[in-house]
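There are 2 protein chains.
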Amino acid sequence: MTTERMIDGFSGKKAAEIVGITYRQLDYWARTDLVRPTLAEARGSGSRRRYSYRDLLELKAIKNLLDAGIRLETVRDVFGYLRDELGEDVTQVNLVISGNRSVLVRSGEEIIDLVQNGQGVLNILPLGGVKEEVDAAIVELFPDLEIESSAATGSN
Amino acid sequence: MTTERMIDGFSGKKAAEIVGITYRQLDYWARTDLVRPTLAEARGSGSRRRYSYRDLLELKAIKNLLDAGIRLETVRDVFGYLRDELGEDVTQVNLVISGNRSVLVRSGEEIIDLVQNGQGVLNILPLGGVKEEVDAAIVELFPDLEIESSAATGSN
DNA sequence: TCTCGGGACGACACCGGCGTAATTCCGTCG
DNA sequence: CGACGGAATTACGCCGGTGTCGTCCCGAGA
C-alpha cells in the first residue's frame with residue numbers, strides 16, 4: 000500500500016506454492032500453453048507472470064488430476080473442453096472424463112447412469128473441492144490476503 | 000490335434016492381438032513384472048511365454064486404464080492391490096481408484112457416497128466390460144477357440 | 001538513475017515407456 | 001537329424017515431463 004495499489008493476482012512462485020506444484024511445472028505449463036497467466040504474460044526474460052484467482056483453480060484441478068495418476072496429455076485434452084464451461088458456479092459440479100470425452104455433471108444420479116452404461120473408464124473430479132483447497136491454502140500460506148469467494152487480491 | 004493336445008493358453012503374440020496392445024508392450028510389462036504369463040515364463044531367448052485367460056483379463060483391464068489416460072506407474076500400484084482381490088466373480092464389479100487407494104465396489108450407491116465425500120479424483124473401471132471385450136475379441140480373431148465363461152483353450 | 005533481487009529463459013540431463021531393428025535361439029516338422 | 005520359422009532377447013533411439021544450473025534482464029525502491 001506504499002505506492003497506491005498493488006497489481007491484482009499472484010506471482011508465479013506464489014501460485015505454485017498455493018496449488019502445491021513446483022515452479023518448474025508452472026513454467027513448463029505456461030510455455031506449452033496448458034495454463035497461461037491471464038493477468039500478465041511473460042514478455043521475455045526478467046518479466047513477471049501474474050496469475051488470476053481462476054488460474055489458481057485450473058492449476059489446482061490439474062494438480063489433482065495428476066495426483067490421481069492421469070497423464071498430462073489427457074489433462075491437456077480435458078482442459079481444452081473445460082476452459083469454456085468453467086463458469087462461476089464451479090461449486091458442487093463434478094467433472095467426468097470418459098476416455099477422451101469430458102462432461103460436467105451435477106447430481107450423483109447422472110454419474111450412476113454413466114457408470115451403468117459405462118464402457119471404458121470414468122474419471123470423476125469434484126470441482127467444489129478444488130475451490131475449497133485453494134482457499135484453504137491461501138489463508139494458510141498468506142493470511143493477509145483477502146478472499147471473497149471467487150475473487151481474491153494478491154500482493155508481493 | 001495332430002500330436003495329442005496343444006498346451007493350454009495363449010502365445011505372447013496372440014495375447015497382444017486379443018487385448019489390443021503391441022507385442023513390445025506385452026514384453027515390457029512381462030519384464031518389469033506388471034503382468035507375467037502364469038502358464039509358462041520365458042526361460043531365455045527362443046523360449047515361449049504362455050498366457051492364461053485370466054492374464055488376458057488383467058491385460059485388458061490395464062489397456063483400458065491406459066486408454067483412459069492413466070499413467071502406467073499408477074496402474075502398477077493398482078494391480079498390486081487388485082491381483083489378490085481379482086476372484087472369479089469379476090462380473091458387474093467396479094474398480095474404484097481414489098488417489099493411491101483402490102476399492103472394489105458392487106452397487107452404484109456406494110459410488111455416489113464416494114463421490115459425495117470425494118476428495119481427490121475417482122477413477123472407475125467396470126470390470127464386467129473387460130470380460131465381455133476379451134471374449135468378443137477372441138471369437139472375432141480366433142473363432143475356432145472354445146470359450147466357456149472364465150476358462151478358454153488356445154492353440155497355435 | 002543506479003542498484004539489486006527475483007523471476008523468466010535456455011541448455012542440459014535424466015528417467016519411464018515404449019518403437020525399431022538385428023540377433024539368438026527353442027521347437028517342431030519333415 | 002537338419003533346417004526353418006516364430007518368439008524372446010539385446011541394443012539403440014525417441015519423446016514427454018521435469019529437475020538443475022547459469023544467465024540475463026525487468027522492475028521496484030531509494
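One line per chain: the protein sequences are A and B, in this order.
Using numbering that gives the first Met the number 0, you'd call the opening residue of the first sequence number 0 and step up by one each time.
Using numbering that gives the first Met the number 0, you'd call the opening residue of the second sequence number 0 and step up by one each time.
Positions of the beta carbon are idealized from the N, C-alpha and C atoms, including for glycine.
How about residue i: is its C-beta nearer than 9 Å to some C-beta of chain B?
i: T37/A; result: no
i: V18/A; result: no
i: R70/A; result: yes
i: V34/A; result: no
i: L103/A; result: no
i: L121/A; result: yes
i: S10/A; result: no
i: I137/A; result: no
i: G107/A; result: yes
Confirm, please, whether the CB-CB distance from residue j to residue i is below 9 Å.
i: S97/B; j: N122/B; result: yes
i: L25/B; j: L71/B; result: no
i: E84/B; j: L103/B; result: yes
i: L38/B; j: R30/B; result: no
i: A14/B; j: L55/B; result: yes
i: V95/B; j: I111/B; result: no
i: G127/B; j: V89/B; result: yes
i: G8/A; j: D76/B; result: no
i: V120/A; j: N116/B; result: no
i: K244/A; j: Y22/A; result: For chain A, the structure presents residues 0 to 155; residue 244/A sits outside this window and is missing.
i: T73/B; j: N93/B; result: no
i: A60/A; j: L81/A; result: yes
i: E16/B; j: A135/B; result: no
i: P125/A; j: V114/B; result: yes
i: R47/B; j: S101/B; result: no
For chain A, is any of its Cβ atoms less than 9 Å away from the one on residue i?
i: G79/B; result: no
i: D76/B; result: yes
i: P142/B; result: no
i: I73/B; result: Ile is not the amino acid found at residue 73/B; the sequence shown has Thr there. Yes - at least one Cβ of chain A is within 9 Å of the one on T73/B.
i: R49/B; result: no
i: D66/B; result: yes
i: Q156/B; result: Not covered by the structure: residue 156/B. The range shown for chain B is 0 to 155.
i: V114/B; result: yes
i: L124/B; result: yes
i: S97/B; result: yes
i: G128/B; result: yes
i: A15/B; result: no
Which partner residues does residue i have in the DSSP bridge list?
i: P36/B; result: P36/B is not bridged to any residue.
i: R100/B; result: S97/B
Using DSSP with H/G/I as helix, E/B as strand and the rest coil, what is residue i?
i: L71/A; result: helix
i: R42/B; result: coil
i: I123/A; result: strand
i: R48/A; result: coil
i: V114/A; result: helix
i: F141/B; result: coil
i: V92/B; result: coil
i: L65/B; result: helix
i: K13/B; result: helix
i: R105/A; result: coil
i: L81/B; result: helix
i: D76/B; result: helix
i: E147/B; result: The predicted position of E147/B is uncertain, since its pLDDT is 48 and thus under 50; a value taken from the coordinates is nonetheless stated next. Here E147/B sits in coil by DSSP.
i: G19/A; result: coil
i: G128/A; result: helix
i: D7/A; result: coil
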